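Structure first, then comments.
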Amino acid sequence: MAKGERDYTAHVLVLPYPAQGHINPTLQFAKRLVSRGLKATLVTTIFISKTIEIEPGPVGVEPISDGCDEAGYAEAGSVEAYLERLEAVGQRTLAELLDKQAQAGHPVSCLVYDSFLTWALGVAKGLGLTGASFFTQTCSVSAVHYHVYHGNLKVPVDVLTTVTLPALPALGISDVPGFFSDVLSYPGYMKLLLNQFSNLENADWVLFNTFDKLEEQMVKWMEERWRMITIGPTLPSMYLDKRLEGDENYSVNLYKQDIAAYMKWLDTKPTGSVVYISFGSLVELSEEHMEELACGIRGSNKYFLWVVREIEKKKLPAKLIEDMEDKGMIVTWSKQIEVLAHEAVGCFVTHCGWNSTMEALCLGVPMVCMPQWTDQPTNAKFVVDVWGVGVRLKVDDKGIVRREEMESCIKEVMEGERSEEIKRNAKKWKELSKEAMDEGGSSDKNIDEFVASFLKT
Ligand code: UDP
């Protein structure tokens with residue numbers, strides 16, 4: 040290559056909302072752009088770059104200030120205050136970064152920005168760049184938000200209401216996104232979710248981390264509204280299609296982990312015999328809830344691998360956990376994808392965050408759903424009633440899953456009457472997700488079309 044000549048066709052900047060569940064999928068998407076000959080740079084906040092371990096592989100990483108460099112979100116004091124600061128400071132620091140890239144001879148052609156960060160479209164358009172909004176939640180959940188934004192659905196949703204909306208199954212009160220039954224407790228988040236639609240018609244592209252067959256009707260409904268495409272599942276390539284260079288790791292880790300120990304332990308267990316339990320990076324449970332779950336796990340008499348984050352560990356019933364040691368392991372963080380891909384894992388007790396749900400779907404692992412808030416209840420509805428790959432735990436009046444319920448749901452998924460059907464469905468979705476990402480698959484073709492659009496301009 041001659042001096043000064045570029046070894047890439049265009050440069051794309053990818054800007055996720057600064058949280059684990061948003062950085063993971065956007066980083067994986069960026070890797071796919073690199074595999075198509077593009078240069079991709081992930082933009083994080085300075086605080087995130089100091090606190091989260093990012094294994095970017097072939098993707099560059101550039102931190103910018105969000106005005107909370109020392110303590111991140113906590114520094115602002117509230118969600119509302121953080122979002123205001125992020126917007127005010129982010130607009131400036133993002134524009135400075137774009138300028139810096141141009142000065143360094145790497146001008147950016149396209150900005151892929153998190154659908155939460157609507158202000159980033161203004162920065163892109165101001166510089167004549169292609170702007171693509173990246174949604175990290177499903178089309179179905181986003182459509183519910185869209186209807187609230189446009190006044191077609193009033194919130195808070197009444198307990199007795201069944202929500203019926205185009206291209207969606209009927210949703211009961213326990214299926215609508217979490218904030219809708221309790222809007223007043225989360226005004227900041229609610230605003231953030233509804234704001235996603237404030238300037239979406241101006242975006243050149245709207246990208247969703249899902250695939251066509253998973254949400255067939257809803258995808259069609261959305262295609263009529265925006266230049267919308269599915270680009271998922273954004274799992275590391277080795278789990279889906281031909282392996283991408285530098286894609287050995289699943290990217291982003293909130294906590295350090297001793298992967299060797301529990302993977303070795305899993306190696307000693309029979310196929311499909313272990314229950315993996317994890318509630319993502321944010322969920323917090325009461326001591327009483329932890330104890331009920333622990334009793335339920337013990338009652339099921341299955342092997343288990345349970346992720347309990349460091350800050351949650353003190354809530355565990357110490358004596359009981361000691362008694363359970365012969366059956367399982369508790370870790371403070373796992374390499375979840377590698378765990379779910381392990382053949383010893385037969386069931387995933389999950390909070391149904393979209394990344395976790397998608398990971399289980401793509402790796403063919405049946406789920407026991409314990410949704411808590413945001414999009415999780417709606418994801419759980421789809422897992423159980425639409426995709427048929429799991430069961431949902433019932434809660435009591437205090438919102439707690441009791442031990443008998445935990446025990447019986449684990450058994451139902453692993454050995455009960457419906458277990459064969461659930462496993463068959465799980466296998467089907469695993470195959471379909473691979474097909475979507477494989478050469479010529481729906482998401483693969485969509486990414487090609489997306490890339491071609493700004494290579495021409
Ligand atoms: N995760 C992980 N190890 C863990 C727990 C979670 O790697 O022990 C990853 C998981 O694979 C997923 C992300 O963290 O990619 C969690 O995202 P999700 O949308 O499921 O939930 P959130 O944390 O946003 O509630």
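Position 262 (the sequence shown) corresponds to 301 in the working numbering; numbering is contiguous.
Cβ coordinates follow ideal geometry from the N, Cα and C atoms, glycine included.
As the structure is a computational prediction, the values presented were derived from the model and not from experiment.
Residue range of the unbroken alpha helix (DSSP H) whose run includes residue i
i	result
residue 463	458-476
residue 163	158-165
residue 185	178-188
residue 378	375-380
DSSP state of residue i mapped onto helix, strand, coil
i	result
residue 339	helix
residue 361	helix
residue 117	coil
residue 76	coil
residue 274	coil
residue 482	helix
residue 102	strand
residue 386	strand
residue 293	Note that residue 293 scores 49 on pLDDT, short of 50, meaning its location in the model is unreliable; the coordinates nonetheless yield the value given after this. DSSP places residue 293 in coil when its eight states are reduced to three.
residue 445	helix
residue 129	helix
residue 236	coil
residue 345	strand
residue 266	coil
residue 47	coil
residue 298	helix
residue 107	coil
residue 429	strand
residue 52	strand
Identity of the residue in the options nearest residue i by Cα
i	options	result
residue 91	252, 471, 63	63
residue 413	429, 390, 129, 424	390
residue 446	475, 408, 461, 371	408
residue 181	216, 122, 315, 211	216
residue 159	434, 143, 55	55
residue 338	300, 258, 443, 428	443
residue 322	60, 188, 429	60
residue 347	382, 341, 327, 368	368
residue 99	57, 107, 79, 486	79
residue 150	140, 142, 143, 163	163
residue 183	453, 208, 364, 392	208
residue 331	313, 354, 309, 342	354
residue 457	470, 474, 482, 430	430
residue 352	335, 328, 490, 375	328
residue 498	107, 342, 465	Within the shown structure, residues of the chain are numbered from 40 to 496, placing residue 498 beyond reach of any answer.
residue 370	300, 419, 435, 418	300
Where the beta strand (DSSP E) through residue i begins and ends
i	result
residue 58	Element bounds for residue 58: n/a, residue is neither H nor E.
residue 247	244-247
residue 86	From DSSP, residue 86 is part of no beta strand (DSSP E) but of the alpha helix (DSSP H) over 85-90.
residue 169	169-174
residue 497	No statement about residue 497 is possible, as the shown extent of the chain runs from 40 to 496 and does not include it.
residue 212	Per DSSP, residue 212 belongs to no beta strand (DSSP E) and is neither H nor E.
Beta-carbon gap between residue i and residue j smaller than 8 Å
i	j	result
residue 81	residue 50	no
residue 170	residue 69	no
residue 426	residue 372	no
residue 239	residue 245	yes
residue 124	residue 110	no
residue 231	residue 173	no
residue 195	residue 472	no
residue 179	residue 257	yes
residue 305	residue 383	yes
residue 399	residue 360	no
residue 214	residue 405	no
residue 72	residue 434	no
Any C-beta of chain C under 8 Å from that of residue i
i	result
residue 429	Protein chains in the displayed structure number just one, and chain C is not present.
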